[in-house]
Amino acid sequence: MDLEFFKKQAQQKQKEHRKFLDGLKKKPPKNLDYLTLETHEETFQEIDCLSCANCCKTTGPLYTEKDIERISKHLRMKPADFEAKFLRVDEDQDKVLQDLPCFFLNEDNTCSIYDVRPKACREYPHTDRKKIYQINNLTIQNTLICPATYVFVEKLRKVLEK
Numbered sequence: 003m004d005l006e007f008f009k010k011q012a013q014q015k016q017k018e019h020r021k022f023l024d025g026l027k028k029k030p031p032k033n034l035d036y037l038t039l040e041t042h043e044e045t046f047q048e049i050d051c052l053s054c055a056n057c058c059k060t061t062g063p064l065y066t067e068k069d070i071e072r073i074s075k076h077l078r079m080k081p082a083d084f085e086a087k088f089l090r091v092d093e094d095q096d097k098v099l100q101d102l103p104c105f106f107l108n109e110d111n112t113c114s115i116y117d118v119r120p121k122a123c124r125e126y127p128h129t130d131r132k133k134i135y136q137i138n139n140l141t142i143q144n145t146l147i148c149p150a151t152y153v154f155v156e157k158l159r160k161v162l163e164k
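Numbering (the numbering used here), first residue to last: 3 to 164.
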């Protein structure tokens, strides 16, 4: 997976992508949620996250209290010990990882806590979300990190231009 290639492409097309996504916000097609889901599924048949894992290497998820409880229980730790060992509070007062890449990322790009991973990880990169136009800024940001998000936006543009 050529991350630099995708990042350059995403940077070059940022204005185009923003204009496209803003257009969806102003006038969403009636079947947008269906097309979004279809495009998401098609994209992830082509792109294997395990060949990349850039999200786990470069960005950390927010940890909710439910995430902390679920993961610490799985690891047989007290929630406070889990927080002390792995998390910090960021400038937005969110609980995030102390260090990157993610501590739970294995060498083969799998996740050692996959079944109990944070909600933010389960939902990333949010390309299967209903009313995708509600997260335009996040989608644009994710095209710079996640090749699948870039491909998704490009595919959705083609589908909607027909």
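Each residue gets a CB set at the ideal place from its N, CA and C atoms; glycine is no exception.
No experiment lies behind these values; they were computed from the predicted model shown.
F154 versus K160 - alpha carbon distance: Along the sequence shown, one-based indexing puts residue 154 at 152. Along the sequence shown, one-based indexing puts residue 160 at 158. Using only the alpha carbons, I get a separation of about 10 Å.
Among the residues of its own chain, which have a CB less than 7 Å from the CB of Q16, if the five just before and after it don't count? As a position in the sequence shown, residue 16 is number 14, starting the count at 1. Excluding residues within five positions, the ones whose Cβ falls inside 7 Å are I142.
Note the first and the last residue of the continuous alpha helix (DSSP H) segment covering L158. Here the question's residue 158 lines up with position 156 in the sequence shown. It spans 149-163 - the alpha helix (DSSP H) in which L158 sits, taken as one unbroken run.
Distance check for Q47 and A55, CA to CA, integer angstroms please. As a first step, residue 55 must be located in the sequence shown, where it is residue number 53. As a first step, residue 47 must be located in the sequence shown, where it is residue number 45. Their backbone Cα atoms lie some 16 Å apart in a straight line.
If you draw a straight line from the alpha carbon of K10 to that of I73, how long is it in whole angstroms? Position 8 of the sequence shown, counting from 1, holds the residue named residue 10. Position 71 of the sequence shown, counting from 1, holds the residue named residue 73. In a straight line, the C-alpha of K10 is about 36 Å away from that of I73.
Quick check: what's the CA-CA separation for N139 versus M3? As a position in the sequence shown, residue 139 is number 137, starting the count at 1. As a position in the sequence shown, residue 3 is number 1, starting the count at 1. In a straight line, the C-alpha of N139 is about 24 Å away from that of M3.
Going by alpha carbons, who is nearest to T60 out of D101, H128, E156, C51? Residue mapping note: residue 60 aligns to position 58 of the sequence shown, counting from 1. For T60, the nearest C-alpha among the options comes from D101.
Where do the N-terminal and C-terminal ends of the alpha helix (DSSP H) with R90 fall, by residue? Stepping through the sequence shown from its first residue, residue 90 is reached at position 88. No alpha helix (DSSP H) contains R90, which is instead part of the beta strand (DSSP E) from 89-91.
For H42 and D94, what's the separation of their Cα atoms in angstroms? Residue mapping note: residue 42 aligns to position 40 of the sequence shown, counting from 1. Residue mapping note: residue 94 aligns to position 92 of the sequence shown, counting from 1. When rounded, the distance between both Cα atoms is 30 Å.
Kindly give me the distance between the Cβ atoms of Y135 and K27, rounded to whole angstroms, as I take these residues to be in contact under 8 Å. By one-based count along the sequence shown, residue 135 stands at place 133. By one-based count along the sequence shown, residue 27 stands at place 25. 4 Å between Cβ atoms; contact.
Does the stretch 76-90 come within contact of the stretch 120-127, defined as at least 3 CB pairs closer than 8 Å? no
Quick one: grab the DSSP three-state call for K1. As shown, the chain starts at 3 and ends at 164. That puts residue 1 outside it, with no answer to give.
For L102, which of helix, strand or coil comes out of DSSP? For the purposes of this step, residue 102 is taken as residue 100 along the sequence shown, with counting starting at 1. If DSSP states are grouped into helix, strand and coil, L102 belongs with coil.
Are F106 and I115 closer than 7 Å when you measure CB to CB? Taking the first residue of the sequence shown as position 1, residue 106 is located at position 104. Taking the first residue of the sequence shown as position 1, residue 115 is located at position 113. Yes, the Cβ-Cβ distance between F106 and I115 is below 7 Å.
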